[in-house]
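Undergrad:
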Amino acid sequence: MKPFNQTITYTSQGGQQIQLKWLASKRNKHIRISVAAGKVRVSSPPRIKWPMIEQFLRQQEAWLLAHLPNLTQSKSTDSNLLFQGESYKIRLLKPPQSKRVWLENGVCYVAPLRPEASAAPRTLERWLKTQAVDQLTPLFLTTAKQMEEKVDHLRWRDTRSRWGSCSSSGEIMLSWRLIHAPTEIARYVIVHELAHRTHHDHSSKFWQLVEKFNPAYKLHRGWLKRNGHLCQTPII
Ligand SMILES: [Zn+2]
Numbered sequence: 002m003k004p005f006n007q008t009i010t011y012t013s014q015g016g017q018q019i020q021l022k023w024l025a026s027k028r029n030k031h032i033r034i035s036v037a038a039g040k041v042r043v044s045s046p047p048r049i050k051w052p053m054i055e056q057f058l059r060q061q062e063a064w065l066l067a068h069l070p071n072l073t074q075s076k077s078t079d080s081n082l083l084f085q086g087e088s089y090k091i092r093l094l095k096p097p098q099s100k101r102v103w104l105e106n107g108v109c110y111v112a113p114l115r116p117e118a119s120a121a122p123r124t125l126e127r128w129l130k131t132q133a134v135d136q137l138t139p140l141f142l143t144t145a146k147q148m149e150e151k152v153d154h155l156r157w158r159d160t161r162s163r164w165g166s167c168s169s170s171g172e173i174m175l176s177w178r179l180i181h182a183p184t185e186i187a188r189y190v191i192v193h194e195l196a197h198r199t200h201h202d203h204s205s206k207f208w209q210l211v212e213k214f215n216p217a218y219k220l221h222r223g224w225l226k227r228n229g230h231l232c233q234t235p236i237i
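Spelled out as structure tokens, the structure:
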């Protein structure tokens, strides 16, 4: 019987995908795992089936993960991030990296400080919130100036159902998730909320005011209706 040799992917309990070489041969008496030069190898006697190997890996998982830092540094995900209307493929990087999140050539790299699976989405969300505040606050202030609205502060919220609001006292709240949308869409929401400082309803006078500062508002409103669901942090 020829030795059997194949590359197989093991998924850890934390969801990490680990590629390993599995070698089954008559010369092996037991299942063994080894990590060398960043590669994981499993050897087993020929009669052993994959579920048994998997069970063995589960039992040895703590040991295996502890020996993994030298393994592949990046993992691609099936998720895409919509950032200011552009789509980025998400890649997860293992710590330590000099930055937590960055965009490069159509890829969004996420490098959480901690290895747990839950750390990556939290890292990405935190970064998105900061980006929203840093990039959309100046847009808000410029737009307010154009509309001759004196607003000195803006609140950022995490609202999934509302992109923004304007209280009866004229205080404006925006959802940081607008950072997912193209800038002109975020600007439409800004114009919309600022116009509510003059008209607290959706009357024709209100829409006339919106149109004055955003002539393509109907297009933008339509975009939000159709694509609002894409303005969510992807599951990674
Ligand atoms: Zn409104």
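Counting in my numbering, the sequence shown runs from 2 upward without gaps.
Every residue gets a Cβ at the ideal spot worked out from N, C-alpha and C, and that includes glycine.
The structure presented is a predicted model; accordingly, all values stated were derived computationally and were not measured.
With respect to the alpha helix (DSSP H) encompassing residue 130, which residues constitute its N-terminal and C-terminal limits?
TA: Start and end: 120-147.
Undergrad: Can you tell me the Cα-Cα spacing of residue 107 and residue 13, whole angstroms?
TA: Approximately 28 Å between the Cα atoms of the pair.
Undergrad: For chain C, is any of its Cβ atoms less than 8 Å away from the one on residue 48?
TA: Given the protein chain composition of this structure (a single chain), no chain C is represented.
Undergrad: Exposed or buried, which one is residue 223 when buried takes at least 16 other CB atoms within 10 Å?
TA: Looking at its Cβ environment, which holds fewer than 16 other Cβ atoms inside 10 Å, residue 223 is exposed.
Undergrad: Closest by CA to residue 7, which one among 22, 217, 228?
TA: Out of 22, 217, 228, 22 has the C-alpha closest to the C-alpha of residue 7.
Undergrad: Does any heavy atom of ligand 1 sit closer than 7 Å to the C-beta of residue 203?
TA: Within the cutoff, so yes.
Undergrad: Hey, how far is the Cα of residue 36 from the Cα of residue 54?
TA: Cα-Cα distance, rounded: 15 Å.
Undergrad: In whole angstroms, what is the alpha-carbon distance linking residue 11 and residue 205?
TA: Cα to Cα, the separation comes out at about 60 Å.
Undergrad: In this structure, does DSSP put residue 169 in helix, strand or coil?
TA: DSSP places residue 169 in coil when its eight states are reduced to three.
Undergrad: For a test of the three-state rule: what should DSSP assign to residue 205, helix, strand or coil?
TA: Note: residue 205 maps to helix in three-state DSSP.
Undergrad: Let me check you understand the geometry: is the CB of residue 197 closer than 7 Å to at least one non-hydrogen atom of ligand 1?
TA: Yes, the Cβ of residue 197 comes within 7 Å of a heavy atom of ligand 1.
Undergrad: Please report the distance separating the alpha-carbon of residue 150 from that of residue 95.
TA: Distance between the alpha carbons of residue 150 and residue 95 is about 46 Å.
Undergrad: Beta-carbon within less than 6 Å of residue 130's beta-carbon, same chain only, minus the 5 sequence neighbours each way: which residues are those?
TA: Cβ neighbours of residue 130 beyond the five flanking positions: 177.
Undergrad: What residue range is occupied by the uninterrupted beta strand (DSSP E) comprising residue 108?
TA: Note, residue 108: beta strand (DSSP E), 108-111.
Undergrad: What is the residue span of the alpha helix (DSSP H) that residue 234 lies within?
TA: Premise fails: residue 234 is in no alpha helix (DSSP H) and is neither H nor E.
Undergrad: With 16 other CB atoms within 10 Å as the buried threshold, where does residue 33 fall?
TA: It is exposed - the Cβ of residue 33 has fewer than 16 other Cβ atoms within 10 Å.
Undergrad: Give the straight-line distance between the Cα atoms of residue 49 and residue 28, rounded to the nearest whole angstrom.
TA: When rounded, the distance between both Cα atoms is 13 Å.
Undergrad: Between residue 1 and ligand 1, is there a pair consisting of the residue's CB and a ligand heavy atom that are separated by less than 7 Å?
TA: Residue coverage of the chain in this structure runs from 2 to 237, which leaves residue 1 outside it and unanswerable.
Undergrad: Opposite residue 37 in the DSSP bridges: which residues?
TA: Answer by DSSP bridge pairing, in chain order: 40.
Undergrad: With a threshold of 8 Å, are at least 3 pairs of Cβ atoms found where one atom belongs to the segment 112-119 and the other to the segment 155-169?
TA: Touching, no.
Undergrad: I'd like to confirm something about residue 193: is its beta-carbon nearer than 7 Å to some heavy atom of ligand 1, or not?
TA: Yes, the Cβ of residue 193 comes within 7 Å of a heavy atom of ligand 1.
Undergrad: Which stretch, first to last residue, makes up the alpha helix (DSSP H) that contains residue 228?
TA: Start and end: 218-228.
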